[in-house]
Structures are given as structure tokens and as C-alpha cells.
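Protein chains in written order, with the working numbering: chain S, 8 to 129; chain C, 8 to 129. Here a beta-carbon is modelled for each residue, glycine too, at the ideal position from N, C-alpha and C. All values reported here derive from a predicted model rather than from experimental measurement. For reference, the structure discussed in these notes is given below.
2 protein chains.
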Amino acid sequence: MGVSEQLRADFDTVAGQHGLTDLQARTLLTLAEPQSMSEVAGAMTCGPSNVTGLADRLERLGLIVRVPDPRDRRVTLLELTDEGRRRRERLAEALVEGSMLVARLTPSERGQLKGLLDKLLG
Amino acid sequence: MGVSEQLRADFDTVAGQHGLTDLQARTLLTLAEPQSMSEVAGAMTCGPSNVTGLADRLERLGLIVRVPDPRDRRVTLLELTDEGRRRRERLAEALVEGSMLVARLTPSERGQLKGLLDKLLG
DNA sequence: CCTCAATAGTTGATGATATGAAGTAATCGT
DNA sequence: ACGATTACTTCATATCATCAACTATTGAGG
Numbered sequence: 008m009g010v011s012e013q014l015r016a017d018f019d020t021v022a023g024q025h026g027l028t029d030l031q032a033r034t035l036l037t038l039a040e041p042q043s044m045s046e047v048a049g050a051m052t053c054g055p056s057n058v059t060g061l062a063d064r065l066e067r068l069g070l071i072v073r074v075p076d077p078r079d080r081r082v083t084l085l086e087l088t089d090e091g092r093r094r095r096e097r098l099a100e101a102l103v104e105g106s107m108l109v110a111r112l113t114p115s116e117r118g119q120l121k122g123l124l125d126k127l128l129g
Numbered sequence: 008m009g010v011s012e013q014l015r016a017d018f019d020t021v022a023g024q025h026g027l028t029d030l031q032a033r034t035l036l037t038l039a040e041p042q043s044m045s046e047v048a049g050a051m052t053c054g055p056s057n058v059t060g061l062a063d064r065l066e067r068l069g070l071i072v073r074v075p076d077p078r079d080r081r082v083t084l085l086e087l088t089d090e091g092r093r094r095r096e097r098l099a100e101a102l103v104e105g106s107m108l109v110a111r112l113t114p115s116e117r118g119q120l121k122g123l124l125d126k127l128l129g
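In C-alpha cells form, the structure reads like this:
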């Protein structure tokens, strides 16, 4: 099993432990700041109708609220609730703690890996 | 957008260009050799019933066949067809060619990254 | 040799995710 | 003022994921 399948499996496990599906967890992580639904669609590389359903489910879980943008009534922002922020923080911590990155690479190697990955982003 | 979302988006794009969903593409890649359905379930980190549906769809696409294991009649192997092998090869080539790994890292850096990722696997 | 626990895969129900088309509401440029 | 564009929703459809219950098969142990 390659690195990508292993990382994906680990991520799914941790997300599940936080009562989240993969997409829900990734979306929470992306919402450090409120974002418009079309920005979330871009970040999650899916269509706007998918984000409508995703937002419905996150809202039902009490993790986000939909907020109209005062400057443009077409736009809806997704904002984490208090519970959403807590869940996001615990998820992020768990991802770091349980991470193979921490367990198997030295800090120097992690820095090295970060440099290479940053270069990948351009 | 972080590295993982970018890589995932790129993979989805390439998979789509080959007429495959994300899971279908990842499954084809894992089937270098015939594997049992339970091995595929393990590799894709999902339940056996999901692999039944996945195999149905890959079979319908003409990319795999189900083959009974002669030594154990409980076991079904998934084996690529000729078309499946071709699709897999083209997919793998496209993933390499279009890859940021190739475009943005030198061969030396790629070797370095590989070493770090191999260490991640233990 | 027989029984039973374990394994492999299937079926069916259910919910999540993803696409695409068509729709409504709003914005902005001409 | 109007039309093109944008943002989001609705709806239909397919894929994917889990879970429970099922059938068929294997193999260990008595």
C-alpha cells in the first residue's frame, strides 16, 4: 500500500473518530476563516450543488452556520460555530499527534519534506 | 490550497480524462497483479460490499473480470482485461507526465522526496 | 469423520458525495 | 434600463460507503 493510500486511510480513521466523513473533515479544516460557498467548492474541487448538500449536513451537525454576505446578497458565507471550531481544533491536533510524519521523521526530515512539498505548490 | 488537496484534484482530473472515477482509478492502479476482493477491500480501506459494487462497475466498463480462485471457492480474484491493462498503463503515464513532481522538482529532489516518503511507510 | 467457527462475497437498506441541467435571485457593465 | 454573468438551489442520477443479514466454503478440533 503506497503512501497516498496509507495517508488517506489514516485521515479517514481520524475523521471517523471525530464523527465526520472525509469530505466533512477536509471542509472543516479549510474553514479557518469564513468562506463563500463558491470558494469552498473551489477548495474541495466540486460543484456548487455538492456544497449545498455538504453545508446542509454540516449545519445539521451544528458545526457551521450559513451567513449572508452583507455586500453581495448572492453570496453565502460558511462560518464555523463554537462547536465547529472546537471540533476543528481537536481534529487538527489528532491529525498531528497520530501522524506518521511525527512518528517516523525527525524534525529535520520534516522540515526537508515541507520544503519539497512547498516547492511542489509553486 | 494545500498539497494534499492539489494532488487529489489533479488525480481526479486525470482519472476523469480516462473515463474513471477516483476510486475506480485507484483500484486499477492497485491491480498490477490479480487480487482477491478482500485484498482490494483492504487496499482501498472499505468494506467487502463496497468492492462488490466497485467490481460490478469495473466489469461493466470491460476493465476487469472476476476469476474464481481454484484453490479456495470462497475467494474471487479481480483480474485486468486487455483493455484494463491498457487503461491502467495510460493512466499511470498520464499521472507521471502531468505531475507536479516532474514539473517542479529536480531528479535529485524527487529522490529525496521518495526517501522521505519511503521512511513514512516504515 | 463430523461439527462449528471463521472467512469470502453478496444482497439490501440507507446516507453521503459527485455531476449536470435548469431554475431563481442578485450584481454589474454597457 | 437591460442583458450577461455570477451565486446558490433544486432535482435527477450515479457512485461510494457503512451496516446487518445472508449463503457458500474452508479448516481446525474433538
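Checklist line | Helix, strand or coil at serine 43 of chain S according to DSSP, with G and I counted as helix | finding: It is a strand residue.
Next item on the list: Classify valine 103 of chain S as helix, strand or coil using the three-state DSSP reduction.
Entry: Looking at valine 103 of chain S - three-state DSSP - the assignment turns out to be helix.
Note to self: Check whether the region 26-44 of chain S and the region 85-103 of chain S touch, using three or more Cβ-Cβ pairs below 8 Å as the test.
What the structure shows: When Cβ pairs closer than 8 Å are counted between the two stretches, the region 26-44 of chain S is seen to touch the region 85-103 of chain S, the count reaching three or more.
Item checked: Separation of threonine 88 of chain C from leucine 36 of chain C, as counted between CA atoms -> Each residue's alpha carbon lies about 13 Å from the other.
Check: What does glutamine 119 of chain S reach in chain C if we use C-beta pairs closer than 8 Å?
Finding: What glutamine 119 of chain S touches in chain C, judged by beta-carbon distance under 8 Å, is Gln119, Leu123, going in chain order.
Margin query: Measuring alpha carbon to alpha carbon, tell me which residue in C/Pro114, C/Pro75, C/Leu112 is nearest methionine 44 of chain C.
Written below: Considering only C/Pro114, C/Pro75, C/Leu112, the residue with the shortest C-alpha distance to methionine 44 of chain C is C/Pro75.
Next item on the list: Using alpha carbons as the reference points, say which of S/Glu40, S/Glu66, S/Arg15 lies closest to leucine 102 of chain S.
Entry: From the listed residues S/Glu40, S/Glu66, S/Arg15, the smallest Cα separation to leucine 102 of chain S is found for S/Arg15.
Checklist line | DSSP three-state assignment for valine 74 of chain C, whether helix, strand or coil | finding: The DSSP-derived three-state label of valine 74 of chain C is strand.
Notebook entry, point to check: In terms of residues, what are the limits of the beta strand (DSSP E) holding leucine 87 of chain C?
Noted result: DSSP places leucine 87 of chain C inside the beta strand (DSSP E), whose first and last residues are 83-87.
Notebook entry, point to check: So does the region 110-125 of chain S actually touch the region 49-68 of chain S, counting three or more Cβ pairs closer than 8 Å?
Noted result: Result no; under three Cβ-Cβ pairs closer than 8 Å.
Notebook entry, point to check: Mind pulling the chain S residues with CB within less than 8 Å of threonine 3 of chain C?
Noted result: With chain C represented from 8 up to 129, any question about residue 3 of chain C goes unanswered, as that position is not in the structure.
Check: Would you say valine 10 of chain C and leucine 112 of chain S are within 8 Å of each other, going by their C-beta atoms?
Finding: With a cutoff of 8 Å on beta-carbon distance, valine 10 of chain C and leucine 112 of chain S are scored as not near each other.
Item checked: Burial state of threonine 20 of chain C, where buried means 16 or more other Cβ atoms lie within 10 Å -> It counts as exposed.
Next item on the list: Quick one: residues in its chain with C-beta nearer than 8 Å to the C-beta of serine 130 of chain S, no 5 flanking neighbours on either side, listed in chain order?
Entry: Here chain S covers residues 8 to 129 and nothing more, so residue 130 of chain S does not appear.
Check: In three-state DSSP terms, what is glycine 143 of chain S?
Finding: Given a span of 8 to 129 for chain S in the structure shown, any question on residue 143 of chain S remains unanswerable.
Item checked: chain C contacts from the region 98-118 of chain S (Cβ-Cβ distance under 8 Å) -> Correct list: Met107, Leu108, Arg111, Leu112, Glu116.
Note to self: Does arginine 80 of chain C come out as helix, strand or coil in the three-state DSSP assignment?
What the structure shows: Three-state DSSP puts arginine 80 of chain C in coil, outside helix and strand.
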